[in-house]
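Here the protein sequences come in this chain order: A and B. If you read the first sequence in UniProt numbering, its first letter stands for residue 1, the second for the next number, and so on. If you read the second sequence in UniProt numbering, its first letter stands for residue 1, the second for the next number, and so on. Think of the CB as a built atom: it goes at the ideal place given N, C-alpha and C, for glycine as much as any other residue. These notes are about the structure you will find just below.
2 protein chains.
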Amino acid sequence: MVAQEDVIELAKRRGFFFGANGAYGGVAGFYTYGPNGAAVKDNLESAWRDRFTVRQGNMEIEAPTIMPEAVFEASGHLDGFDDMLVECPECGESHRADHLTEDNTDIEEAESLPVPEVEELIREHDLRCPSCDAALSGEPVEEFNLMFETSIGPGTGQPGYLRPETAQGIFVEFPRLKEYARNRLPFGVTQIGPAYRNEISPRKGIIRVREFTQAELETFIDPEEDEPPLHEVEDVEVTLYPATEQEDEEGEAYTTTVGEAIEKGVIGSDWVGYYLGVAQGWYERVGVDMDRFRFRQHLPGELAHYAADCWDAESEVGAAGIAAGSSGDGEEPRDGGDWIEITGFAYRSDYDLSKHAEHSGESFTVFKQYDEPKTVERAAVDPDMATLGPEFGGDAGAVADALQTLAERDPDAFDANEVEVEVDGDEMTVDSDVANFSVETVTENGEHITPHVVEPSFGIDRIVYTVIEHAYRTDEVDDEERTYLALDPEMAATDAAVFPLVSNDDRLLDLADEVTGDLRAAGLSVEYDDSGSIGRRYRRQDEVGTPFCVTVDRDGVEGDDPDTVTVRERDSARQVRVPVREVADELDALLDPEDDRAFDALTAAYDEIETGVETA
Amino acid sequence: MVAQEDVIELAKRRGFFFGANGAYGGVAGFYTYGPNGAAVKDNLESAWRDRFTVRQGNMEIEAPTIMPEAVFEASGHLDGFDDMLVECPECGESHRADHLTEDNTDIEEAESLPVPEVEELIREHDLRCPSCDAALSGEPVEEFNLMFETSIGPGTGQPGYLRPETAQGIFVEFPRLKEYARNRLPFGVTQIGPAYRNEISPRKGIIRVREFTQAELETFIDPEEDEPPLHEVEDVEVTLYPATEQEDEEGEAYTTTVGEAIEKGVIGSDWVGYYLGVAQGWYERVGVDMDRFRFRQHLPGELAHYAADCWDAESEVGAAGIAAGSSGDGEEPRDGGDWIEITGFAYRSDYDLSKHAEHSGESFTVFKQYDEPKTVERAAVDPDMATLGPEFGGDAGAVADALQTLAERDPDAFDANEVEVEVDGDEMTVDSDVANFSVETVTENGEHITPHVVEPSFGIDRIVYTVIEHAYRTDEVDDEERTYLALDPEMAATDAAVFPLVSNDDRLLDLADEVTGDLRAAGLSVEYDDSGSIGRRYRRQDEVGTPFCVTVDRDGVEGDDPDTVTVRERDSARQVRVPVREVADELDALLDPEDDRAFDALTAAYDEIETGVETA
């Protein structure tokens with residue numbers, strides 16, 4: 001397995017991503033995508049939009065990244081979106097207290113422990129500062145809120161926060177979004193955009209950053225009625241790592257089908273199971289290595305209190321902090337890499353909508369029409385206020401309300417001559433006659449229900465990283481070692497590169513222009529490169545992951561092979577002479593995901609070249 | 001002209017955009033794009049990427065939105081990105097002091113006046129609070145920085161700011177980006193993404209918001225060598241409103257060509273002129289009404305101190321704050337609307353890169369190779385430190401430096417026996433012999449230059465708004481008034497809508513499914529709508545701006561016209577019966593921007609229906 005450092009080094013060299021603000025020493029946790037990384041990320045987002053918005057028939061919205069405090073009071077982030085922090089008394093460095101504990105004891109999931117226990121563990125195990133080795137024993141552990149705070153408007157303004165998840169921008173607009181969905185469940189709303197977490201120590205390369213891109217789908221369902229179309233995914237094979245296996249010393253991940261896992265109750269929610277099946281196909285499509293992939297169920301201690309069932313999609317990537325091992329020197333890479341969460345699948349119940357309804361006072365429900373109107377009996381009072389007023393004065397209104405509440409709860413109480421109600425802790429006695437109790441028969445056409453939410457939440461940056469690392473290959477071509485990215489063409493930043501062999505021959509440059517034009521007209525993204533040796537240009541495109549290179553040489557304009565060019569396939573480094581007028585069609589077909597054709601079709605049809613030009 | 005309020009009302013009703021966080025009373029200056037608005041915005045960004053990144057051969061990057069303070073110390077935003085604020089002593093409301101002054105006096109560009117002058121103007125004209133009418137006379141005017149501030153990391157952290165323009169994310173990474181461009185000028189880097197301005201009173205609907213999307217292109221050029229390909233745009237007609245015309249009472253905007261405007265010196269920079277020409281075609285493409293569009297030159301007082309020439313693209317939109325006038329009641333709309341800036345074109349010189357070089361200490365230059373190496377004479381000293389040391393002690397190094405500086409500035413000085421240099425204000429006398437002065441002949445292959453920057457900066461949200469407003473139409477169809485958006489198909493959220501006339505006939509539903517499938521297979525985005533009357537469904541799609549609706553009725557499955565459907569064109573509301581197997585091809589051709597075919601081709605080939613079904 002390749003070391004993360006090698007991937008990060010290539011990413012920087014070839015314009016995928018790099019630490020931002022380098023000229024000013026950088027700020028941990030912020031990365032900039034260079035031109036090739038931005039293109040891969042854009043391709044990945046398009047593939048996500050195609051699968052989870054368009055094909056699922058969902059609506060995509062775009063909400064602001066800054067939101068007011070009230071939203072996060074309701075969502076619980078203001079109180080609960082904390083990490084445990086311990087500050088070194090010597091060097092002043094801040095550390096995640098739970099991570100320190102996990103790294104140095106056999107405690108797992110220290111995050112779920114109460115603060116005093118973690119403080120006790122630090123004392124007990126005499127944990128020390130990873131930066132300067134000072135003792136942390138006795139230092140206070142504090143809850144640190146991970147939201148970035150700012151102030152909206154002039155003066156003291158009002159507090160605002162950068163959203164810690166795109167989801168809140170969807171939940172908070174539910175009252176309007178349901179109108180766009182014409183008040184019919186189920187419906188789904190998606191959003192792709194930035195989210196922010198003010199991590200305490202974001203050291204793990206690009207894996208744990210402070211600003212990142214999420215692609216989230218919130219599916220609003222009627223939990224009593226709506227079933228996912230399970231038949232679409234029941235036969236999809238998935239690798240599952242259920243909680244039971246994680247808790248068992250001998251337990252391990254295993255392969256099964258979505259249908260079987262749901263039937264056996266391993267996956268607790270049909271909807272979550274459905275999305276695991278849909279997502280599985282999508283990860284394959286974008287190039288995640290499925291041998292380094294699993295769905296891991298949350299352990300009971302990990303589950304948010306409102307979540308019924310939650311699974312993470314995890315990919316295995318090179319362990320961070322291990323120097324390049326593949327080159328033979330330095331530390332050996334670990335056998336296994338790190339498993340990182342790239343997506344969370346959660347059954348969030350009605351938690352989010354209920355909280356926003358409670359805090360905002362607005363309605364976050366959908367009116368659910370009954371198949372047939374229901375006739376129900378409803379107890380009601382119609383108190384004689386002319387009597388209540390003089391008798392109870394300022395309390396009369398409260399007494400009337402209490403009578404109505406009593407009627408709904410215990411209609412039989414009105415059989416007696418007098419009823420007693422409590423107002424502000426005082427017992428009040430009212431004549432039953434004054435209450436005017438009755439039972440009405442009413443027809444109800446439906447009821448207001450708060451939808452439940454099923455959420456797949458994708459971490460786009462981690463998937464970009466995974467896709468690049470899982471495509472990272474080294475081999476030897478013509479006795480020279482090379483590195484290349486075996487990216488799926490749908491993900492690659494560039495479809496093809498065109499190289500004029502020399503830059504001082506106009507006929508050759510004209511032909512290169514013609515080929516470039518033909519390829520672009522066929523809809524391919526093309527990089528034109530006339531700088532450096534051909535070998536160097538191949539190496540550059542190999543590292544960028546460009547599927548095909550087209551070299552225009554003198555043979556093509558005057559030699560034995562007039563009007564032909566060399567087409568080279570990235571992964572095999574095989575080369576073939578293809579007539580100029582066929583190049584665009586051939587490459588277009590090879591790049592078409594719906595066309596099965598492989599490079600063999602070209603080597604069968606045209607002359608293959610035995611030796612690669614890169615050593616020429 | 002339509003009132004802005006009508007557009008905003010339609011935008012809310014049809015899922016284009018609406019004030020965010022409405023359940024919590026909203027926060028001024030933050031909008032959410034609903035599904036149709038997000039689609040239009042995405043289409044607009046794609047069209048921008050196509051024109052300004054792909055076709056111009058530029059690189060697109062994606063940088064974080066949070067940046068550290070050092071970046072904005074260098075860029076000048078920390079000191080200078082301010083608006084003038086005056087707070088009402090009665091109601092506490094904050095107002096833009098410059099806007100108040102402009103609105104109530106005949107002063108223009110109050111923004112460029114010093115604070116005490118604005119305070120004086122408020123006193124002089126007895127300006128009052130627009131909210132509560134309290135006197136503002138005597139209240140202090142303060143500079144309010146428009147950046148949103150936050151804190152990065154735990155504890156006191158380090159200050160960070162939400163970027164006020166995407167450009168800084170490009171400038172600050174220039175040292176790396178130039179490597180991706182292989183150190184060759186000119187090259188361009190683009191970015192599309194959020195930017196933030198903490199506006200004092202963001203009241204103008206969606207026009208002046210606190211969080212918005214910019215699409216910026218930074219072109220790095222060698223000002224002495226690089227010329228834009230003016231021939232591509234010299235004949236492009238543009239409406240210009242130069243500074244001279246603005247300053248002239250009788251002056252007005254006029255139409256000319258880019259080539260002529262550059263030749264006559266109206267446009268001061270070839271590069272700025274080039275981009276005006278490129279942008280002109282792009283605005284036309286996305287549907288800006290060119291009769292409500294102009295390029296306005298910045299007045300001398302408006303220009304940033306570093307900018308040589310700057311033009312804004314401006315569109316005319318319905319005046320804000322005027323109630324719907326087209327419906328006949330309420331206030332009459334003003335004759336003219338408001339002109340709003342939708343793009344800025346600036347020649348920023350080397351200001352940005354020089355500032356970042358100065359503040360970061362890093363190199364923000366490109367090595368410019370000479371065509372041929374130059375032989376130059378260079379005066380140098382090689383002081384005898386064994387003599388200087390004892391003579392000048394701790395100042396010896398400074399004396400040596402001063403001698404070198406003198407040699408470069410005035411080599412002849414070393415002809416005398418002694419030379420005088422100044423160190424920390426003291427005159428020092430040195431023997432010429434000790435300085436070891438000589439003139440060396442050196443060969444230089446090139447020099448390090450700081451590129452200049454030409455920047456077109458597009459405000460995507462304002463262009464989305466303009467495109468929607470300029471597409472807003474009302475007319476009568478079958479004696480009923482209707483509203484529709486005549487959006488260019490490339491911008492429309494949906495290409496076509498499919499309506500089964502009734503929902504209780506399986507044959508009809510099957511046919512509707514088949515048509516939907518055919519259209520999607522042809523690459524069209526399709527909305528399927530089976531809810532409400534056909535008239536209502538047409539009105540809905542008209543207001544969304546869907547170019548074509550396809551209605552599947554009983555005639556199509558059993559009547560006189562088997563296997564045909566009704567295709568309706570949005571703008572003309574004309575309808576035609578088209579065979580099912582032809583629908584996808586016909587609509588695909590009509591929607592193809594490279595195909596000139598109009599709806600007439602369909603009415604010529606098939607039976608036109610005289611009466612619209614919407615009144616049926």
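Around the C-beta of A74(B), 16 or more other C-beta atoms lie within 10 Å, and the residue is accordingly described as buried. Per the Cβ contact rule, the segment 370 to 387 of chain A is in contact with the segment 433 to 447 of chain A (3 or more Cβ pairs under 8 Å). The segment 518 to 531 of chain A and the segment 447 to 466 of chain A do not touch, with fewer than three beta-carbon pairs separated by less than 8 Å. Interface residue (Cβ-Cβ distance to chain B less than 8 Å): F458(A) is not classified as such.
When the Cα atoms are used, L44(A) and V286(A) turn out to be separated by approximately 7 Å. In the structure shown, F171(A) falls within a helical segment according to DSSP collapsed to helix, strand and coil.
Around W282(B), the same chain offers A47, W48, R51 and F52 as residues with beta carbons nearer than 8 Å, after the five sequence neighbours per side are excluded. DSSP, reduced to helix, strand and coil, places I468(A) within a helical segment of the structure shown.
G92(A) is the residue among F148(A), G92(A) and R597(A) whose C-alpha sits nearest the C-alpha of A135(A). The distance from the Cβ of V288(B) to that of S315(B) is about 6 Å, consistent with a contact at the 8 Å cut-off. Against chain A, the CB of R554(B) has no partner CB under 8 Å away; the residue lies outside that interface. For G22(A), the nearest beta carbon of chain B is closer than 8 Å to its own beta carbon. DSSP places H452(A) within a strand segment (E or B) once states are collapsed to three. Sixteen is the threshold: when 16 or more other Cβ atoms of the shown chains lie within 10 Å of the Cβ of D312(B), as they do, the residue is buried. The segment 182 to 200 of chain B and the segment 220 to 231 of chain B touch, with three or more beta-carbon pairs separated by less than 8 Å. Shown here for E608(A): same chain residues with a beta carbon closer than 6 Å to its own, the five before and five after excluded, namely V576 in chain order. With respect to V115(B), V86(B) sits apart: the two C-beta atoms are not nearer than 8 Å. Exposed is the label assigned to A386(B), since fewer than 16 other Cβ atoms lie within 10 Å of its Cβ.
From the beta-carbon of L519(B), no residue of chain A is found nearer than 9 Å; the closest lies around 13 Å away. The Cβ atoms of M67(B) and G155(B) lie no closer than 8 Å to each other. Looking at the DSSP output, L177(A) sits in no beta bridge, so it has no partner there.
Residues F599 of the same chain have their beta carbon placed closer than 8 Å to that of S572(B), with the five preceding and five following residues left out of the count.
Bridge partners of Y161(A) according to DSSP: M67(A) and E149(A). Of the residues assessed, E610(A) falls on the exposed side of the cut-off, its CB having fewer than 16 other CB atoms within 10 angstroms. For Y254(B), the uninterrupted beta strand (DSSP E) run begins and ends at Y254 to T257, by DSSP. Taking 8 Å as the cut-off, the Cβ atoms of A493(A) and G446(A) do not count as close. Put simply, the CB of A63(A) is near chain B, with a gap under 8 Å to one of its CB atoms. Of the candidates H95(A), Q158(A), F171(A) and P175(A), H95(A) places its Cα closest to the Cα of E143(A). In this structure, DSSP gives K264(B) a state outside helix and strand, which the three-state scheme calls coil. Straight-line spacing of the CA atoms in F458(A) and T32(A) works out to 19 Å. Check the Cα spacing between V317(B) and each of T466(B), V583(B) and G25(B): the tightest is with T466(B). Three or more Cβ pairs closer than 8 Å define a contact, and the segment 549 to 561 of chain B meets that threshold against the segment 496 to 512 of chain B. For Y538(A), the nearest beta carbon of chain B is not closer than 8 Å to its own beta carbon. Identification of chain A residues near P175(B) by a Cβ-Cβ cut-off of 7 Å yields A23, ordered along the chain. If you draw a 10 Å sphere on the C-beta of Y347(B), you find 16 or more other C-beta atoms in it, and that means buried. With fewer than 16 other beta carbons inside 10 angstroms of its own, K264(A) counts as exposed.
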